[in-house]
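*Asks:*
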Amino acid sequence: MIRIETEHHPYFPKVWHLLQTSFHAGERRDLDKLKEILKDERVQLWAWEEQNLFMGMAVIWTFEKFNFLEYLAVHQDARGKGIGSALMQSFLGPKLLLLEVQPPTDDINKSRIAFYERLGLQLNSYPYHQPPYQKRGETFPLQIMSSPQLLSPNEFEDYTTLIRKEVYEKWYAE
Numbered sequence: 576m577i578r579i580e581t582e583h584h585p586y587f588p589k590v591w592h593l594l595q596t597s598f599h600a601g602e603r604r605d606l607d608k609l610k611e612i613l614k615d616e617r618v619q620l621w622a623w624e625e626q627n628l629f630m631g632m633a634v635i636w637t638f639e640k641f642n643f644l645e646y647l648a649v650h651q652d653a654r655g656k657g658i659g660s661a662l663m664q665s666f667l668g669p670k671l672l673l674l675e676v677q678p679p680t681d682d683i684n685k686s687r688i689a690f691y692e693r694l695g696l697q698l699n700s701y702p703y704h705q706p707p708y709q710k711r712g713e714t715f716p717l718q719i720m721s722s723p724q725l726l727s728p729n730e731f732e733d734y735t736t737l738i739r740k741e742v743y744e745k746w747y748a749e
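When you line the sequence shown up against the working numbering, it's residues 576 to 749, in that order.
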């Protein structure tokens, strides 16, 4: 894995393109905000390469009690080859990891949740809406997965409040 610390890294345009093709506009930051969050010491943008080819990316936020996986995406040509599992395993460890998933309402969402469950994440049952990336943007009903254990109600409230404030609201355009 290669850490990307500025938008001047040669993989940054590939990361941006992958984000655009993997997430619709309401589920991702705009380009300027992506560049801006790289200045936050808690943000780590990772690119996965094999044989000098860009395969995937991840954005991780590091907080005191947990890490938050904001994005994980694998290039279309590299899907089904274990890249997503390898990326995820590099982020799993003793420190709590949280991520958002769409509820298990269709086969694709169920498959994605099963993928994370095979890696040891657990689906928390508390209601959750992904905050918007823009001040007046729409929210999305999602669920939080966590590893290595489920969250208590208090942990869920504390951690999702921190995510809302620091990952989303702090970066709204003025």
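Cβ atoms here follow ideal geometry from the backbone N, Cα and C, with glycine treated the same way.
When you compare only the Cα positions, how much space is there between Pro716 and Ile738?
*Replies:* So the two alpha carbons sit approximately 15 Å from each other.
*Asks:* Would you kindly work out how many angstroms separate the C-alpha atoms of Asp652 and Pro585, rounded to a whole number?
*Replies:* Cα to Cα, the separation comes out at about 19 Å.
*Asks:* Over the uninterrupted alpha helix (DSSP H) stretch that includes Tyr734, give me the two end residues.
*Replies:* Tyr734 -> alpha helix (DSSP H) spans Pro728 to Ile738.
*Asks:* Going by Cα to Cα distance, which pick from Trp746, Ala689, Ser686 and Tyr734 is closest to Lys710?
*Replies:* Minimum Cα distance to Lys710 is reached at Trp746.
*Asks:* Hey, out of Glu580, Asp607, Ser721 and Asn699, whose CA is closest to Val634's CA?
*Replies:* Residue Glu580 is the option with its Cα nearest to Val634.
*Asks:* State the beta-bridge partners of Ala633 as determined by DSSP.
*Replies:* Ala633 pairs with Trp621 and Leu647.
*Asks:* Who are the near neighbours of Leu674 in its chain, counting only those whose CB is closer than 6 Å to its CB and skipping five residues on each side?
*Replies:* Result list for Leu674: Leu644 and Met720, in chain order.
*Asks:* What is the DSSP secondary structure of Tyr703, reduced to helix, strand or coil?
*Replies:* Residue state, collapsed to three classes: strand.
*Asks:* Quick test of the definition: if touching needs 3 or more C-beta pairs under 8 Å, does the segment 655–668 touch the segment 616–623?
*Replies:* A contact exists between the segment 655–668 and the segment 616–623.
*Asks:* What is the rounded straight-line gap between the Cα of Phe641 and the Cα of Pro723?
*Replies:* Distance between the alpha carbons of Phe641 and Pro723 is about 11 Å.
*Asks:* Can you look up Gln709 in the DSSP assignment and give me helix, strand or coil?
*Replies:* Three-state result, Gln709: coil.
*Asks:* Can you give me the start and stop residues for the beta strand (DSSP E) that Phe715 sits inside?
*Replies:* It spans Phe715 to Ser722 - the beta strand (DSSP E) in which Phe715 sits, taken as one unbroken run.
*Asks:* Pick from Leu694, Thr714, Glu692 and Gly695: whose alpha carbon is nearest that of Pro702?
*Replies:* If we check each option's Cα against that of Pro702, Thr714 comes out closest.
*Asks:* Any chance you could list the alpha helix (DSSP H) runs of at least 4 consecutive residues sitting entirely within the segment 646–695, in chain order?
*Replies:* Counting whole runs of 4 or more residues, the segment 646–695 contains the alpha helix (DSSP H) stretches 658–666 and 682–693.
*Asks:* Buried or exposed, going by whether 16 or more other CB atoms sit within 10 Å of the CB of Thr735?
*Replies:* It is buried - the Cβ of Thr735 has at least 16 other Cβ atoms within 10 Å.
*Asks:* With a cut-off of 8 Å on the beta carbons, I'd call Met632 and Tyr646 a contact; round off their distance for me.
*Replies:* Rounded, the Cβ-Cβ distance is 7 Å, consistent with contact.
*Asks:* Using only the alpha-carbon positions, how far apart do Ile683 and Phe690 sit?
*Replies:* Going from the Cα of Ile683 to the Cα of Phe690 covers about 11 Å.
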